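So the structure is just underneath, and the comments pick up after that.
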Amino acid sequence: MAMDVVDYEVRGAEMQFVEIELDPGEAAIGEAGSLMFMDAGIEMDTVFGDGSKQQGGFFGKLLGAGKRLITGESLFTTVYTNQASGKKRVAFAAPYPGKILPMDLRSLGGTLLCQKDSFLCAARGVSLGVAFQQKLSVGFFGGEGFIMQRLDGDGLAFVHAGGTVVKRELQPGQTLLIDTGCVVAYTPSVEFEIQYVGKIKTALFGGEGVFLAKMTGPGTVWLQSLPFSRLASRVFAAAPQLGGSREEGSLLGGFAGGGLLGSVLGGDDE
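Residues 1 to 270, numbered by the UniProt record's numbering, are exactly what the sequence shown covers, in order.
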């Protein structure tokens with residue numbers, strides 16, 4: 001099923017959003033909670049499954065929704081259809097700092113594998129599925145790279161990556177070792193394996209995890225410098241752990257916030 005052909009513009013630097021222009025009758029699909037704004041005349045409809053036209057009948061919709069549930073996404077997607085007589089625009093915002101990548105599925109062979117939380121929006125007609133890694137080692141130790149989201153179609157899909165994005169073209173037999181969380185997307189021709197870091201000391205104290213993703217060409221791989229899991233762990237580590245209002249910085253920060261000085265001068269109420 002051919003996808004709608006849409007025009008788009010990616011705006012912003014660190015916190016980007018993509019603005020999609022819809023001709024009369026055209027539609028875009030987006031993840032729940034990704035909408036930024038839309039013009040009057042666009043009708044919003046929440047559907048069961050991925051919203052693609054390939055899903056026929058209740059069983060097809062149920063299967064599509066089940067695939068999305070496995071990848072950790074919502075059972076529902078939202079379809080934005082231009083019901084007006086002129087061009088209208090709808091915009092989708094990135095959930096955290098990074099880059100929005102326009103992926104032309106036709107030029108990529110019709111299929112793209114990406115991290116389960118990286119899909120942002122697409123032209124109507126894209127099919128959102130799930131891809132399990134075939135190798136047993138990936139299943140046991142793959143972590144974020146075990147269950148990937150599969151995008152099928154022949155038009156535009158938009159994927160979000162954290163931080164700075166690097167695109168690598170791998171030649172046949174060429175291998176790249178990557179932190180599993182830094183893999184954003186890759187073409188199906190790339191072979192995905194999990195490799196042990198090799199040394200016990202490095203695994204225990206290196207801070208980079210015990211396993212790495214081994215990507216072997218030919219094909220294309222997109223990498224991100226800031227996986228959301230890494231960002232979330234840093235935010236959690238910096239947050240007050242006991243419910244107090246801890247100040248950042250050194251001893252001077254404690255004085256400035258009144259924490260240590262207040263304790264010394266005021267004492268306990270008891």
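For glycine and all other residues, C-beta sits at the position ideal for the given N, C-alpha and C.
None of the values given here were measured: they were computed from a predicted structure.
- Taking C-beta atoms as the reference points, Gly109 and Leu170 fail to come closer than 8 Å.
- Shown here for Ala93: same chain residues with a beta carbon closer than 6 Å to its own, the five before and five after excluded, namely Phe17 and Met36 in chain order.
- Separation of Phe76 and Gln174 (C-alpha to C-alpha, rounded to the nearest whole angstrom) is 39 Å.
- For Leu151, the closest alpha carbon among the candidates Cys121, Phe211 and Ile178 is that of Cys121.
- Phe228 counts as buried, since at least 16 other C-beta atoms from the protein chains shown sit within 10 angstroms of its C-beta.
- Residue pairing by DSSP puts Gly30 in a beta bridge opposite Thr78 and Cys121.
- Non-local beta-carbon contacts of Pro95 in its own chain, meaning distances under 6 Å to residues more than five positions away in sequence, are absent.
- Annotation: the continuous alpha helix (DSSP H) that includes Arg230 extends over Phe228 to Ala238.
- Lys87 and Glu43 have their C-alpha atoms roughly 13 Å apart.
- For Val79, the CB contacts under 6 Å within the same chain, skipping 5 residues up- and downstream, are Ala27, Ile29, Asp45, Val47 and Gly51 in chain order.
- Around the beta carbon of Glu193, a 10 Å sphere encloses 16 or more other beta carbons of the protein chains shown; the residue is thus reported as buried.
- Per DSSP, Thr180 lies in no beta strand (DSSP E) and is assigned neither H nor E.
- In this structure, Cys114 sits away from Val166, with a CB-CB distance that is not shorter than 8 Å.
- When DSSP states are grouped into helix, strand and coil, Tyr96 belongs to the coil group.
- When the five nearest sequence neighbours on each side are left out, the beta carbons in the same chain lying within less than 6 Å of the beta carbon of Pro172 are those of Gly217 and Pro218, in order along the chain.
- Annotation: Trp222 to Lys214 spans about 14 Å, alpha carbon to alpha carbon.
- DSSP places Ala161 inside the beta strand (DSSP E), whose first and last residues are Leu156 to Gly162.
- Comparing C-alpha distances from Val183 to each of Leu156, Ser189 and Leu212 shows the shortest one belongs to Leu212.
- Less than 8 Å divides the Cβ of Gly98 from the Cβ of Gly162.
- Under DSSP, Met44 forms a beta bridge with Tyr80.
- Just measuring C-alpha positions, the residue of Ser118, Ile147, Val126 and Asp23 sitting nearest Val90 is Asp23.
- By the C-beta density criterion, Met15 is exposed, having fewer than 16 other C-beta atoms within 10 angstroms.
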